[in-house]
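Inspection log for the structure reproduced underneath, given as structure tokens.
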Amino acid sequence: MFAGIARRLFGTANDRFLKTLQKDVTAINALEPEIEALSDADLKARTPWLKERVAAGEPLDSVLVEAFATVREAAKRTLGQRHFDVQLLGGIVLHRGMIAEMKTGEGKTLVATLAVYLNALIGNGVHVVTVNDYLAQRDAEWMGTIYRFLGLTVGCIVHGLSDAERKAAYACDVTYGTNNELGFDYLRDNMKFHLDEMVQRPFQYAIVDEVDSILIDEARTPLIISGPAEDSSEMYVSINRLIPHLVEGDYEKDEKARAVSFTDAGVEKIEALLREEGLLTSGGLYDVANVSLVHHANQALRAHKLFSRDTDYIVKEDRVVIIDEFTGRMMEGRRYSEGLHQALEAKEGVTVQQENQTLASITFQNYFRLYPKLAGMTGTAMTEAGEFQEIYELVVAEIPTNVSCIRVDHDDEVYRTAREKYEAIVDQIEDCRSRGQPVLVGTVSIEKSEHISGLLKKKKIPHQVLNARYHEQEATIIAEAGSSGAVTIATNMAGRGTDIQLGGNADMRIRRELKNGDDETGKAAIRANIAADKEKVLAAGGLFILGTERHESRRIDNQLRGRSGRQGDAGTSKFYLSLEDDLMRIFGSERIDGVLKKLGLQEGEAITHVWVNKALEKAQQKVEARNFEIRKNLLKFDNVMNDQRKVVYEQRRELMTADDVQQTVADMRHHVIETLITQHVPPQAYAEQWNLSGLHADAQRVFNLDLPFAEWAKEEGIADVEMRQRLTDAVDRKMAEKAARFGPDVMRMVEKGLLLQVLDQVWKDHLLTLDHLRQGIGLRAYGQRDPLNEYKREAFSLFEAMLERLRERVTMMLALVEVRLDPAEELAMAQPHQEMHESRQDPAFAEAEEAIPAPAGSEEVQTLTIRSRQASAAVNPADPATWGRVARNAACPCGSGKKFKHCHGNIA
1 MFAGIARRLF GTANDRFLKT LQKDVTAINA LEPEIEALSD ADLKARTPWL KERVAAGEPL
61 DSVLVEAFAT VREAAKRTLG QRHFDVQLLG GIVLHRGMIA EMKTGEGKTL VATLAVYLNA
121 LIGNGVHVVT VNDYLAQRDA EWMGTIYRFL GLTVGCIVHG LSDAERKAAY ACDVTYGTNN
181 ELGFDYLRDN MKFHLDEMVQ RPFQYAIVDE VDSILIDEAR TPLIISGPAE DSSEMYVSIN
241 RLIPHLVEGD YEKDEKARAV SFTDAGVEKI EALLREEGLL TSGGLYDVAN VSLVHHANQA
301 LRAHKLFSRD TDYIVKEDRV VIIDEFTGRM MEGRRYSEGL HQALEAKEGV TVQQENQTLA
361 SITFQNYFRL YPKLAGMTGT AMTEAGEFQE IYELVVAEIP TNVSCIRVDH DDEVYRTARE
421 KYEAIVDQIE DCRSRGQPVL VGTVSIEKSE HISGLLKKKK IPHQVLNARY HEQEATIIAE
481 AGSSGAVTIA TNMAGRGTDI QLGGNADMRI RRELKNGDDE TGKAAIRANI AADKEKVLAA
541 GGLFILGTER HESRRIDNQL RGRSGRQGDA GTSKFYLSLE DDLMRIFGSE RIDGVLKKLG
601 LQEGEAITHV WVNKALEKAQ QKVEARNFEI RKNLLKFDNV MNDQRKVVYE QRRELMTADD
661 VQQTVADMRH HVIETLITQH VPPQAYAEQW NLSGLHADAQ RVFNLDLPFA EWAKEEGIAD
721 VEMRQRLTDA VDRKMAEKAA RFGPDVMRMV EKGLLLQVLD QVWKDHLLTL DHLRQGIGLR
781 AYGQRDPLNE YKREAFSLFE AMLERLRERV TMMLALVEVR LDPAEELAMA QPHQEMHESR
841 QDPAFAEAEE AIPAPAGSEE VQTLTIRSRQ ASAAVNPADP ATWGRVARNA ACPCGSGKKF
901 KHCHGNIA
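So that you can map any letter, position 811 of the sequence shown is 811 in UniProt numbering, and since no number is skipped, the others follow by simple counting.
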């Protein structure tokens, strides 16, 4: 009570913060008459003037007023749009590295231009991050008009661009792009072999549009670049045939935790089925030798019992495509990890794709924390303000609307059964259509959107469906959703980023209906038609938002509600629920159902009360808190790998920058010698205790040197110091002779190329090891040990072991490698040939060069031919010597049509 009184007297903390920004807004407004009087040329000239001031050392805050006033005037002259005072507040908040919560329709896209222009004056590039390619291209073109008018360059990063196009876009003052593409470019850059091949510049400042979607909803799934692992697709198909034989008592399902496991009876049954299929030949399912079968069986069970077609995924063109649970959009190219996607492919009878091994990975949480300065904007952030503060150190500021919101938000209506709920929904839609009021129906899955569509078809009610199946028409459908009498069914927040304008979107209709863009008469007619339609819609009550279920997160519900009532428009919202909805069913609907029966709730009647809303909100808060803890826990584990990733990527960049890595490889060589001597000739040990045979074998394996260690040991007074020195001298002499034979330029190139390739190989193996460690580390809790501390300790040990492997493998390969020069070809280091896949987008990697194989303990001298890309591709099918290293699952180069492992690569 006292807190409420204090808020009324002194305002909230948010109100007090916004008051401190008001002086800047007043100063920008005071400057407006002076800026308005400038010619276009004079207005454009302000950009180099401001840049000079910043370059001379003035902080950005000191030029904020002049910069914002300049952008406001440029927007008026190019787009005919003037920033409102509240939009200026939003711009200041973004510049300060905070999150601006601005309601739908308040012009966040235009607000971003203020902070983008100001921060672009430094000249290091500003990134504006959007959720899809359409919005990135639209905003880059639309807002780019302002930037180009003021003399700034604008680039756009979307899927399918070449490296040269990406590099040019990142070199611009302002770069628009999707979160996926920016993240993958970062990973790809850190797999390149030359600095000039990298496309991104060092990060400076980013504004994330729909920040809650990107930094929270998508934060659980990392971006992954992967290459093919061993093929086990047949195993998924075989085990998939067994799962339908299981009955309910054979497994336990926990819908809250999204988990399923075999019961004792289920284990016995699946073991019997596996034996019948000939897959389990000895022992029980949980014997060590059958660990692979356990993995496949568990994933097949998850695929059948936890994942539903048209809810979690759809089947399209012989592919299983994941549906984003928050937006309802297809996640093209993204795949579930650990074999789950393959299990779903087997379940649906589509081609089972090969399993992949991680080559590079990063979460959005850790990617966006790479930016020294980060800001965000969205219509719904306050409910997650604690998470933004704790994970990203981002403070949320709520920006008031330019015109007060007059939308009416009705209490929820709760029915006992889904059938009654859907009947009420159809009745409401019919009522709205009869009055000419447009309706946006929000659903949580494709299945439910199509169910409602079927009900409307029976009633012959015209409507549009927007879900993952029809996402190509997203912008068009949403643009017309505000027309008189329009009925639009959308999964969750499909269409996010495109305003629903009452009466329809004039610009979209002009583009669609007028072939001649200069037809002013046609344009005027369309605008007049839309203005008249808007009056009808306003008279009918504005856009009606009809929610068909409550989501686990209040934020998603608020986003749906926020589509109505933009910029002071009239609007209405109401949610229709039933006790059979997932949220109600999972969180205690049986108790509520009993109460409603006792109260005598009749068929078709609903319960509506503000207490019901509050109870639902508390249930949602509990789920949100639980999900936050899951994300926070995942981040703690990912931070361990992130620290290691930073070290590896930083080291890699230093190696690429260096003209000469001779000293680095020499230090590695001497470290390996030190390790071998310490291992076989311990200090203070007697000569009889030395392991001379082991030292001799390791010297042959690593350095390809046959040295008389046994003879040396017989010399009087010799100790570990002399043995180390003699081995060092012999190895250094061999490497000096090799360098003289190859020539210094070639030797430096070989050293650098091998060092980068081996670093990539051991890092990839290390990631796989960490994946396996992470999967089983939770079991340490049964031994009263903290899994996180255990993971940190073991990950550190594994990282040190990786560095040891790196030193030894680089030393070994440089000692064994022989270079055969091809004078007819330009010198170029061969780069690894790997088929790569991205987990969230279609693969965008061109084929690279053939990998140089690691010796793996062989004493055979490796030969490296230095040649160009064209020459390295010359393969003679009749001559295996020309094939190089062939992946086991690749087609055999002999032309038989079989896989290499079943043909010339058969080692059985």
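Every residue, glycine too, gets a C-beta built ideally from N, C-alpha and C.
Applying the criterion that 16 or more other CB atoms from any shown protein chain within 10 Å of the CB defines a buried residue, is residue i buried or exposed?
i, result
"D139", "buried"
"H296", "buried"
"F575", "buried"
"S453", "buried"
"N179", "buried"
"F2", "Only weak support exists for where F2 lies, its pLDDT of 48 falling under 50; the coordinates are left without a value."
"F703", "buried"
"S872", "Residue confidence for S872 is low, a pLDDT of 36 falling below 50, so the modelled location carries little weight; the figure read from the coordinates is stated next. Buried: at least 16 other Cβ atoms inside 10 Å."
"K448", "buried"
"H341", "buried"
"I477", "buried"
"I795", "Note on residue identity: the sequence assigns Ala, not Ile, to residue 795. Looking at its Cβ environment, which holds 16 or more other Cβ atoms inside 10 Å, A795 is buried."
Return helix, strand or coil for residue i, following the three-state DSSP convention.
i, result
"F364", "helix"
"V746", "helix"
"Y313", "strand"
"L456", "helix"
"T358", "strand"
"C903", "coil"
"Y782", "helix"
"Y186", "helix"
"S434", "helix"
"R16", "helix"
"H245", "helix"
"T130", "strand"
"E480", "coil"
"T221", "coil"
"L279", "coil"
"E847", "Here the model assigns E847 a pLDDT of 28, short of 50, so the residue's position is not dependable, and the following value carries that caveat. In the structure shown, E847 sits in coil (DSSP, three-state: anything other than H, G, I, E or B)."
"S564", "coil"
"V396", "strand"
From the beta carbon of residue i, is the nearest beta carbon of chain B less than 9 Å away?
i, result
"S404", "The question asks about chain B, but that chain is absent: this structure has only one protein chain."
Pop quiz: residue i and residue j are said to be a contact at Cβ under 8 Å. What is the actual Cβ separation, rounded to whole angstroms?
i, j, result
"residue 936", "L756", "What is shown of the chain runs 1 to 908, which leaves residue 936 out entirely."
"T521", "I545", "Not a contact, Cβ separation roughly 36 Å."
"V129", "D209", "6 Å"
"residue 909", "E808", "As shown, the chain starts at 1 and ends at 908. That puts residue 909 outside it, with no answer to give."
"T263", "D254", "Not really, about 13 Å apart at Cβ, beyond 8 Å."
"P462", "V441", "With 8 Å as the limit, P462 and V441 do not qualify as a contact, their Cβ atoms being about 13 Å apart."
"L502", "L455", "26 Å between Cβ atoms; not a contact."
Can you name the residues that DSSP bridges to residue i?
i, result
"V465", "I489"
"Y251", "F262"
"V154", "V174"
"D209", "M377"
"G571", "L543"
"E722", "E722 pairs with nothing; no bridge assigned."
"M330", "I323"
"I607", "V414"
"Y576", "E413"
"L440", "T488, I545"
Three Cβ pairs or more, each shorter than 8 Å: is that satisfied between the region 57-74 and the region 345-362? Look at the beta carbons and you see the region 57-74 not touching the region 345-362: under three pairs across the two are nearer than 8 Å.
Given 8 Å as the limit, is there contact between the region 13-21 and the region 389-405, that is, 3 or more CB pairs closer than that? Enough Cβ pairs lie closer than 8 Å, so yes.
Taking contact to mean at least 3 C-beta pairs separated by less than 8 Å, is the region 769-783 in contact with the region 700-716? Here the region 769-783 does not lie against the region 700-716, with fewer than 3 beta-carbon pairs under 8 Å apart.
At least three beta-carbon pairs within less than 8 Å, the region 721-741 to the region 805-816: Cβ pair count under 8 Å is three or more, so yes.
Tell me whether the region 304-322 and the region 187-205 touch, counting them as touching only if at least three CB pairs, one residue from each stretch, are closer than 8 Å. The count of Cβ pairs closer than 8 Å, one atom from the region 304-322 and one from the region 187-205, stays below three, leaving the stretches out of contact.
Does the structure place the region 111-121 close enough to the region 141-149 that three or more beta carbon pairs sit under 8 Å? Cβ pair count under 8 Å is three or more, so yes.
Would you check if the region 403-412 and the region 270-279 touch, i.e. whether three or more CB-CB distances between them fall below 8 Å? Short answer: they don't touch.
Touching by the beta-carbon criterion (3+ pairs, under 8 Å), the region 297-305 and the region 236-250: Contact between the region 297-305 and the region 236-250 is present, because at least three Cβ pairs lie under 8 Å.
Given 8 Å, three or more beta-carbon pairs between the region 644-661 and the region 759-766: Three or more Cβ pairs closer than 8 Å define a contact, and the region 644-661 meets that threshold against the region 759-766.
Counting pairs of Cβ atoms below 8 Å between the region 632-651 and the region 371-385, do you hit three or more? Because the criterion of three Cβ pairs below 8 Å is not met, the region 632-651 and the region 371-385 do not touch.
Please confirm if the region 429-439 is in contact with the region 478-487, defined as three or more CB-CB distances below 8 Å between the two stretches. When C-beta atoms of the region 429-439 are compared with those of the region 478-487, three or more pairs fall below 8 Å, so the two segments count as touching.
State whether the region 154-172 contacts the region 82-93, with contact taken as three or more CB pairs (one from each stretch) at a distance under 8 Å. Not touching, per the Cβ criterion.
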